[in-house]
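Structure first, then comments.
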Amino acid sequence: MKIIGTNIADVTATWISCPIPFEKQHTSDFGRISSFDMALVVVTLENGMIGYGEAKAAVGSQGSCEALVSIIEKEFKPQLIGKDATQISRIWSLLYNGSRSGYGETRGRSFHVLGRRGIWISAMSGIDLALWDLAGKRLNAPVLDLVGGAVRDKMDAYASGGWADVNTIGEQLRSYVEHGFKSVKMRIGVMDGPVSASVARVTAAREALGPDYDIMVDAHGTYNPTEAQEFSRRTADLNLRWFEEPVSADARKAMTAVRRDAPMPISMGESEFTCFDFQDLIDREAADILQPDMAICGGFTEGLKISALAVSNQLELAPHCWGSAISFSAGLTLAFASPAASIIEFSLGANPFLQDLVSQNINADNGTFSPPTGAGWGLTINNDFVAEFAR
Ligand SMILES: [Mg+2]
């Protein structure tokens, strides 16, 4: 039965940039982070219903969303007006295949436009997340209920932070576990200088936490293959939960070599686009843990395909969550729905988009989350906050 008014009436994208107070800023290889940025996507239906999505211009906090806004409002909007918002996969195919989407529908394969990777796919992610929000709201159900419900009752979260130097990293990570987290992630890589400096910081972290907590390390893809192999060799006895992005996402052959030699699991995927990129990681035997970002990889629609790849290859799925409450809720939903997921990222950096963009309180309870509730992504957007920080 056709529900009245589900055609798309309007699409907007707004670059929101919220400054981070100086005392809450952190510094990594991305520099000193002074703002959190996102593109907020709003899809309005003819019946007045509103769905919210998020598109990211960077894997970290800070980035210009000018291009995202332009793609969404100037390229996508004219194609979307009048389309039935209930046909989420069909709209995904329309934006991916452009004028050849009819061939995609009848032949069942990709006839993609030039923007098959990169910022174009991030922009598509924002539209896709808004359409899933609308799908849940239309049925007055969490998106999780639309995709088979939760595989588990609770989801462990890991505290993601760990920028402090060798003398204070133990204290910083202990402050995370005091909030109930059983797992913590710290940054390493070229920001430390030589590999030995990262090894010293991770050794200090393990000494401070003892053996009962999981420690992950994230090099943000900054090592060359030799450095990554040196790091993994010298930390082999520290029982690391995973080594994230040892080398650049462009170093495809090196990924395979690093994983082959590493004594700990290797994770990656936050700057990969679509299921095709994740299929490539799998073909290359490059990763043990896949980390798609719902506001980058192509949205929840693509997240479901990547989850299926993780399941069929018996890999772990751990969605990357370094954005707003919208992409966090989408990543949490995917993790609850996927048999391959057992842990979710929770940012311990300053993040106004988790706490102030929405009226809900997004916080781990003793280091864990329960399945999302509420219609769609279960979020109420704070329009005053959006108006204050819109650029
Ligand atoms: Mg990372």
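Each residue of the sequence shown is one higher than the last, beginning at 31 in this note's numbering.
Virtual Cβ for every residue (Gly too), placed ideally from N, Cα, C.
All of these numbers come straight from a predicted model, not from anything done at the bench.
Any non-hydrogen atom of ligand 1 within 7 Å of residue i CB
i       : result
His-209 : no
His-250 : yes
Glu-275 : yes
Glu-300 : yes
His-350 : yes
Segment limits, alpha helix (DSSP H) that includes residue i
i       : result
Val-220 : Unbroken run through Val-220: none, as it is neither H nor E.
Val-341 : 330-342
Pro-293 : No alpha helix (DSSP H) holds Pro-293; DSSP gives it neither H nor E.
Ser-205 : 199-207
Cys-305 : 304-313
Asp-414 : 413-419
Ala-97  : 96-100
Ala-153 : 149-169
Val-173 : 173-176
Ala-258 : 255-264
Gly-382 : First, the residue type needs correcting, since residue 382 is Pro and not Gly in the sequence shown. That run of the alpha helix (DSSP H) goes 382-385.
Environment of residue i [buried if 16+ CB atoms lie within 10 Å]
i       : result
Pro-322 : buried
Asp-395 : exposed
Leu-144 : exposed
Asp-242 : exposed
Glu-208 : exposed
Lys-167 : buried
Lys-54  : exposed
Thr-304 : buried
Phe-330 : buried
Ser-155 : buried
Ile-151 : buried
Start-to-end residues for the beta strand (DSSP E) that takes in residue i
i       : result
Glu-274 : 272-274
Trp-45  : 38-49
Ile-80  : 80-85
Per DSSP, cross-strand counterpart(s) of residue i
i       : result
Leu-347 : Leu-320, Ala-371
Lys-215 : Ser-190, Met-246
Phe-376 : Ala-189
Ser-65  : Pro-49
Thr-57  : Arg-62
Lys-126 : Here residue 126 is Tyr; the residue named in the question, Lys, does not match the sequence. DSSP lists no partner for Tyr-126.
Pro-108 : Answer is none; Pro-108 lacks a bridge partner.
Met-298 : Leu-320
Val-73  : Val-41, Gly-81
Val-277 : Tyr-253
Residue i beta carbon near ligand 3 (any heavy atom closer than 7 Å)
i       : result
Glu-332 : Because ligand 3 does not appear in the structure shown, any question about it cannot be addressed here, the ligands present being ligand 1.
Three or more C-beta pairs closer than 8 Å, one from the region 285-295 and one from the region 85-96: is that the case here? no
Pairing CB atoms from the region 342-352 with CB atoms from the region 118-135, are three or more of them under 8 Å? No, they do not touch.
Are at least three pairs of beta-carbons, each pair with one atom in the region 171-188 and one in the region 377-388, less than 8 Å apart? no
The region 359-366 in contact with the region 295-311 per 3-pair CB rule at 8 Å: no
Counting Cβ pairs, one atom from each stretch, are 3 or more of them under 8 Å apart for the region 396-409 and the region 62-73? When C-beta atoms of the region 396-409 are compared with those of the region 62-73, fewer than three pairs fall below 8 Å, so the two segments do not count as touching.
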